[in-house]
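S.K.:
Residue numbers (my numbering): 109 to 197.
(1) Can you tell me which of the three DSSP states residue 115 falls into?
(2) What is the DSSP secondary structure of residue 136, reduced to helix, strand or coil?
(3) Starting from the C-beta of residue 124, find all residues in its chain whose C-beta is less than 6 Å away, skip the five residues before and the five after it, and write them out in chain order.
(4) Which residue's Cα is closest to the Cα of residue 165: 149, 153, 134, 157?
(5) Counting pairs of Cβ atoms below 8 Å between the region 151-158 and the region 123-142, do you hit three or more?
(6) With DSSP collapsed to three states, give me the class of residue 179.
(7) Can you tell me whether residue 188 is helix, strand or coil according to DSSP?
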């Protein structure tokens, strides 16, 4: 099942995959994602046998939204961990 459709090409590159393990906070900041220093960031690489599902943090402002309303604010980037939930762009 493809929740995010196709992953971007760079997302699967060896360079990105190794770099995000070494310096995840810096990689996220390059996408405009700034997390508080006390936010723990964990990176696991997936394999052909194992897949991980990123559950994006839901900001308080969006709590109580219906599934249909959330469709407009949960982006592919939020699902692959390179973006935060917010209004559709």
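Glycine included, every Cβ here is placed at the ideal spot set by N, Cα and C. For clarity, every value in this text was computed on a predicted model and none was experimentally measured.
M.R.: So, to answer that:
(1) Looking at residue 115 - three-state DSSP - the assignment turns out to be coil, as it is neither helix nor strand.
(2) Reduced to three states, the DSSP call for residue 136 is helix.
(3) Excluding sequence neighbours, residue 124 sits near 118.
(4) For residue 165, the nearest C-alpha among the options comes from 149.
(5) The region 151-158, when compared against the region 123-142, does touch it at the 8 Å Cβ threshold.
(6) Residue state, collapsed to three classes: helix.
(7) Here residue 188 sits in helix by DSSP.
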